[in-house]
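Under my numbering, the sequence shown has 53 at position 35, and the numbering climbs by one with no breaks.
Following: one structure in structure tokens, then a few remarks.
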Amino acid sequence: MATNSSNQETPQQETPKPENMLVNLAINVAVPTLILMKLSGEEHL
19 MATNSSNQET PQQETPKPEN MLVNLAINVA VPTLILMKLS GEEHL
């Protein structure tokens, strides 16, 4: 029996880009904070 395992090419996995820390903070902290501050006004309670 012959196997073709030596002829098969494995696709190279791309390494993910490192995250930008400022963008990460803006999305995960600042945006939810602004949304909660806007929705916690007296007219929305």
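For every residue, glycine included, the Cβ atom is placed at its ideal position computed from N, Cα and C.
Just so you know, these numbers come straight off a predicted model, no measurement behind them.
Can you tell me the Cα-Cα spacing of residue i and residue j, whole angstroms?
{"i": "N48", "j": "P36", "result": "The sequence shown places Ala at residue 48, not Asn. Whole-angstrom Cα-Cα distance: 20 angstroms."}
{"i": "E60", "j": "E32", "result": "49 angstroms"}
{"i": "M55", "j": "V41", "result": "20 angstroms"}
{"i": "T51", "j": "I45", "result": "10 angstroms"}
{"i": "S58", "j": "L43", "result": "22 angstroms"}
Let me know the secondary structure DSSP gives residue i once reduced to three states.
{"i": "E32", "result": "coil"}
{"i": "N38", "result": "coil"}
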